[in-house]
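**Student:** One line per chain: the protein sequences are A and B, in this order.
When we follow this note's numbering, the leftmost residue of the first sequence carries the number 1, and every step to the right adds one.
When we follow this note's numbering, the leftmost residue of the second sequence carries the number 1001, and every step to the right adds one.
This is the structure, below, for whatever I ask next.
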Amino acid sequence: MTPASPSSSRRCDGIRRRDFLHVGLLTNLGLSVSDLLRWQVRAMASEPARKTAHATSCILIWLDGGPSHLDTFDLKPDAPAEIRSPFTTIPTGIAGIHLCEHLPRTAKVMREVALIRSLTHELGNHDTGARFLLTGHRPTPAFEHPSLGSLIAHGAGPGGTMPPYVAIPGDNVGGQSTAARAGYLPGAFSAFNVGKDPGRVRDLDLPEGVSFDRSERRRDLLHKLDAFARTVEDAPPTRNRDAFYQQAYRLLSSPEARGAFDLSQESAKTRARYGSSRVGAGCLLARRLVEAGSRFVTVVDTGWDTHQQIARELPDSRFPGSGKLPSLDHAYAALLTDLRERGLLDSTLVVLLGEFGRTPKLNALGGRDHWPRAGFACLAGGGVQGGRVIGATNALGELPIERPVSPPDLAFTILKLLGVDPTRELTGPGGRPLRILNEGTFISELL
Amino acid sequence: MKNLENRKAGRLAPSRFSCFPGFLLQSAWLSLLTLFLHVHLRAERLDFPTRILPALTKAGCNTGACHGAATGQGGFKLSLLGYDPELDHLALTRELRARRIDWENPAESLLLKKATREIEHEGGRRFSRDSAAAALLERWVVAGAPYGPKELRVVGIKVEPTEILAASLEETIALRVTAELSDGAREDVTSLVLYSSNDDAVADVTQRGVVQVRGFGSTGIMVRYAGQVAATLVDSPFAGPQNRAAFAAFAPQNFIDKLVLARLERLRVPPSPLADDATWLRRASLDLAGRLPTPEEIQTFLDQPESAEKRPHVIDRLLGSEEFTDLWTLRFADLLLLSGRRGSEAGTTVYHHWLRDQVARNRPWNEIVRALVTAEGRSAEVGPANFLSLANDPRELAEHVGTMFLGTQIGCARCHAHPSDRWTQGDYHQFAAYFAQVTRDDGTVRDGTRGEVEHPKTARAVIPKPLGSAAVRTDRLRSRRAELADWLVAPDNSLFAKSLVNRVWKYLLGRGLVEPVDDLRLTNPASHPALLDALAAHFVARGFDVRDLVRTLTQSRTYQLASQTVPGNKQDDRFHSHALLKPPAAQVLLDMIAQATGVRESFTGQTEPTRAVQLIGVQTPSHALDVLGRCSRERSCETASISGGGLAQALHLMNGSTINRRLNQGLLAGIQEKKLPDEATVQTLYLHTLSRLPTPAEASEWKSLVAASPKRTEALEDLLWALLNSREFFFNH
């Protein structure tokens, strides 16, 4: 805690904004002095945080719509029929952990996974729930909080070849909410949205008929044109825009970085391992991106808002082996295995979650409705000890009876594992000092 | 009572004192002592809400990060910044069986031992044992930790001086703050209030109320005390070269210029000269009509002789154009969040047409807003009724009304008194109560007879009351919303006019006089306070006429200044010494690219040729508009977090189809067909994209480039690509 009086708390680190007014090196980065200040502050303050950090990057698989805990990772086979999942359970090789029968591959990798069965909050709308989970703040109408991805990108600082925060296909989650966006941080920390087909990321390829040489010529032309600068002088908005162009050029001029977005460079065998689904391709792309240096990659898997026919919808009854659960099972297990084999799992935190769980009672249509009081999250890699369960819900899956975990707890933990101190203050709208998180504690059982 | 009698006796007959037996004499002394103490304590005023609580606030005990958090800290919760004195008094004196106060040994009170960190305190040491604060709290406990008169409160604070003109950097100025209490008393509270600077790079302020000037510019210093706020404005003149010629050249065209010039002179920021004709024409066409000027318009304009009517004439033509209506419909639709996710398709269409019709007819802003707030009927048929579909919760609707029409953020006051504005929880919920009885059954907006908003503390229904007004609803025959509209759009509701003129100022000048534009409050002073007042007064006097406002703004010299800086004004980003760069809205940028290249954009579901600014709602699929960042109208885009686009936008403009597929059609195809010579070709490209003629240096550079290129078509495509990707094309400058 660093209280002090409200007006001086912004400077409790001893840095004053005017000390940075002389720093001129950032003109090319499109950053204001206050951005710089934030980095300086962060860099100084997060030394201790960095020591406890385990991961350098994070892959978040976001199950958009709210995945049913009772039909995936927290089945209640002994509950009455109106609650019990239509699916049976299978063992995992870890004593005491049973999963849904449609997650057989995941069951085999549970030794890598810490399963939180006591995620709980009270916001049952898609947008509010998503914002709570992805920012660690209850949504307020006053302003937007930055998402975890933007906070990690902010912590990474500018200048890398790879975009620090990437969203596959984009940062729309929770029904077009702003949950995964940059909030009050500068736009430079928003996600690079790769577009709807992870197998073909748009606008990364030069236009048809434009060779690399020609694109270089165009770039020179553009430089020359801007350098005439008869009319438009250097100013903060031009710097912001130039920063994106430079980021784009860095990306385009690095075949490795650009290649990271190209799934066709993967063998057919690897692609098959992840499955042919969107989420499979997304997870494979995410692995390529963190391998190449991205810090936070969100893979959004839509369609988990299962208000009806869970038995027929989650595994697609018309095509055995397909559907939401089998696709996720393929993708998730392949991702963890692949990262482990490449020696990347210890430095990559993989998080699997959605905005809330679903009602214990099956509704008249054989589906379940929104239920934020109980849900699950899976954490793997990044120093997390797998093969364990944290927390538990009651016999009917209604609410946690053991070790409740709140969205701020989860956000706090993810940030901490990635080396960002959640108690730091950032400069919010109108210059007001805002702590990254106001509440939440580290889930120490993960380590 | 006995003491009192003794006192009376003593006063009536002092000479008899000596005759009194000893014990009586002692008693009289004691009573005198009590009297003395009583008077002394009264003079010191140990009242909790006006004296003790401010001391705790000042020590930082009740900030959001400490005990003021919604859940408190360490089991001890205070109201945020002390907005609820009664609750705080209870927490201090009654909770935990009153163990925070030690009645036997006041100095041993937990309250003091924690705050001075004589025992473990996570919040650290707030003040030392020998501080004035510790002594004050101890005296308060000794006196029995009184609350004081129940109704006593601070009704206003005043800070002096009200404005400061700094003579030099590092200058220090002592503030003086006086509080007026509800019992009429005035107190010097300079040492008790909380101070903060809006921009401590310009000036910061100590907690003793001493302002220290740090840099150039202007900032508000905010003062808070017992739920009241006040501010003083510090101007710190720039220390650039004295550019008398620049000031002398600035000939005011109207009241705007006089007030802008006054600020520039005070802050010693020289104004830039006028923008040249081509730049000005491009700027006005984009700002008023959302399009580039055509090459013919440019040529005609450039060829016209100079006259006082030359630019005003163009303004009038643009104001009367269909494109003006299209663009300003888009702007107001974004402001009103017209058809975000919640709107039905039919509703969106009638709402859009209704709004466009209001803009086309130049219906006064007060009438438009009244129609929105009081609308009734089927959403699928009555356009403005869709405004009420923004939210079902009356509180949420009230917040929208606050930000959209009053430029004020009342949201904080939902849960606690606004920390930097005057709104209390009561203000908030009473304001929301105006919408408590709106029903939307079967897609029809009506006023029902049931539904109330409850105050969260008392759980009782509150009576509707305008924000910041003492009067409550009286006329039970008028609908709640009609009564709200009466107050909202009244000429004397200064926030209503200020909020719109501030937004229009931002559309045209690139930065609001108050930023953010939805945060007008005493403690967030305008860059030009007198100008904001004058513009609002002008707007009211002209009957809330938006076109008149746009005309007044664009005819000022301020609007016509060049964006290029002169020595001494480069640092200025808010006093309008030079034009600010404005990134165009996504729709406008897409239209600009289509117009420049002569290749239309076609949209799904549109049979007629449609420009992007004309699209109804925001649901029309368009990868280009998504990537260019169209406002999704889910929430306000006025403080959009991405400025200058994003990585995806840069990649799209460089590599994507929006520009690349247009390079070899339309404009260039025509040039090829006409076999224009190189010089004329370069000139045509410049006129279509940058809306000006190339300079001699540019013309010769590109001419020789094209001539030297073995592939002429390719060279021209590349030049056009570079023009469309240039800063100069992208920004309205």
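Beta carbons are placed, not taken as given, at the ideal position from N, Cα and C, and that holds for glycine.
1. Helix, strand or coil: which one does DSSP assign to residue 1592 of chain B?
2. Consult DSSP for residue 402 of chain A and reduce its assignment to one of helix, strand or coil.
3. Taking residue 1732 of chain B as the reference, which of B:1583, B:1492, B:1290 has the closest Cα?
4. I'd like to check one pair, residue 1453 of chain B with residue 1364 of chain B: are the Cβ atoms closer than 8 Å?
5. Suppose contacts are defined by Cβ-Cβ distances below 8 Å. Is residue 97 of chain A in contact with residue 119 of chain A by that definition?
6. So the alpha helix (DSSP H) residue 1700 of chain B belongs to, where does it begin and stop?
7. Counting only runs of 4+ residues fully inside the stretch 1364-1425 of chain B, write out the alpha helix (DSSP H) ranges in chain order.
8. Do residue 1428 of chain B and residue 1480 of chain B have their CB atoms nearer than 8 Å?
9. Please compile the residues from chain A whose C-beta is within a distance smaller than 7 Å of the C-beta of residue 1721 of chain B.
10. By alpha-carbon positions, which one of B:1133, B:1057, B:1228, B:1087 ends up nearest to residue 1523 of chain B?
11. Do residue 165 of chain A and residue 143 of chain A have their C-beta atoms within less than 8 Å of each other?
12. For the alpha helix (DSSP H) that residue 1564 of chain B lies in, which residues bound it at each end?
13. Any contact between the stretch 261-275 of chain A and the stretch 1604-1622 of chain B? By contact I mean 3 or more CB pairs, one from each, below 8 Å.
14. What span of residues does the alpha helix (DSSP H) with residue 1352 of chain B cover, start to end?
15. Flag residue 148 of chain A as yes if its beta-carbon sits less than 8 Å from any beta-carbon of chain B, otherwise no.
16. Can you find a C-beta in chain B that's less than 8 Å from the C-beta of residue 114 of chain A?
17. Report the CB separation of residue 302 of chain A from residue 368 of chain A in whole angstroms; it is logged as a contact under 8 Å.
18. Flag this pair as touching only if the stretch 129-138 of chain A and the stretch 403-413 of chain A have three or more C-beta atom pairs under 8 Å; answer yes or no.
19. Could you compute how far the alpha carbon of residue 1430 of chain B sits from the alpha carbon of residue 1148 of chain B?
20. Once DSSP output is grouped into helix, strand and coil, what is the label at residue 1086 of chain B?
21. Taking its Cβ as the centre, do 16 or more other Cβ atoms sit within 10 Å of residue 1353 of chain B, making it buried, or is it exposed?
22. So, under 8 Å CB-CB, residue 1153 of chain B and residue 1193 of chain B are touching, yes? Tell me the CB distance rounded to an integer number of Å.
23. Are residue 1531 of chain B and residue 1142 of chain B close, meaning C-beta to C-beta below 8 Å?
24. Given that a residue counts as buried once 16 or more other Cβ atoms are within 10 Å of its Cβ, and exposed if not, what is residue 370 of chain A?
25. Could you compute how far the alpha carbon of residue 1714 of chain B sits from the alpha carbon of residue 1293 of chain B?
26. Might you give, ordered along the chain, the residues of its own chain that have their beta carbon closer than 6 Å to the beta carbon of residue 1215 of chain B, omitting 5 neighbours on each side?
27. Label residue 1436 of chain B either buried or exposed according to how many other C-beta atoms from any shown protein chain fall within 10 Å of its C-beta, with 16 as the threshold for buried.
28. Would the stretch 274-294 of chain A and the stretch 192-205 of chain A be scored as touching if the rule is three or more Cβ pairs under 8 Å?
29. Can you confirm whether residue 294 of chain A, when its beta carbon is compared against all beta carbons of chain B, has any partner nearer than 8 Å?
30. Distance check for residue 1331 of chain B and residue 1195 of chain B, CA to CA, integer angstroms please.
31. Can you tell me where the beta strand (DSSP E) with residue 433 of chain A in it begins and where it stops?
32. Is the distance from the Cβ of residue 1577 of chain B to the Cβ of residue 1350 of chain B below 8 Å?
33. With a threshold of 8 Å, are at least 3 pairs of Cβ atoms found where one atom belongs to the stretch 1185-1192 of chain B and the other to the stretch 1046-1062 of chain B?
34. Flag this pair as touching only if the stretch 60-68 of chain A and the stretch 339-355 of chain A have three or more C-beta atom pairs under 8 Å; answer yes or no.
35. Can you give me the C-alpha to C-alpha distance between residue 1539 of chain B and residue 1703 of chain B, rounded to a whole angstrom?
36. Going by other Cβ atoms of all chains shown within 10 Å of its Cβ, with 16 needed for buried, is residue 1162 of chain B buried or exposed?
**Tutor:** Per the coordinate set shown:
1. In the structure shown, residue 1592 of chain B sits in a helix (DSSP, three-state: H, G or I).
2. strand
3. Minimum Cα distance to residue 1732 of chain B is reached at B:1583.
4. no
5. no
6. 1696-1708
7. 1365-1374, 1394-1405
8. no
9. 218
10. B:1228
11. no
12. In this chain, residue 1564 of chain B is not harboured by any alpha helix (DSSP H), its DSSP state being neither H nor E.
13. The stretch 261-275 of chain A vs the stretch 1604-1622 of chain B: no contact.
14. 1345-1360
15. Chain B has no Cβ within less than 8 Å of the Cβ of residue 148 of chain A.
16. Interface criterion not met: the Cβ of residue 114 of chain A is under 8 Å from no Cβ in chain B.
17. The Cβ separation is near 17 Å, so there is no contact.
18. yes
19. 28 Å
20. helix
21. Classification for residue 1353 of chain B: exposed.
22. Not confirmed; about 15 Å, so no contact.
23. It is not a contact, given that the beta carbons lie outside the stated cut-off.
24. buried
25. Whole-angstrom Cα-Cα distance: 27 Å.
26. 1201, 1202
27. Classification of residue 1436 of chain B: buried, given that the 10 Å Cβ count is 16 or more.
28. yes
29. no
30. 38 Å
31. DSSP places residue 433 of chain A in the uninterrupted beta strand (DSSP E) bounded by 433-435.
32. no
33. yes
34. yes
35. 50 Å
36. By the neighbour-count definition (other C-beta atoms within 10 Å, threshold 16), residue 1162 of chain B is an exposed residue.
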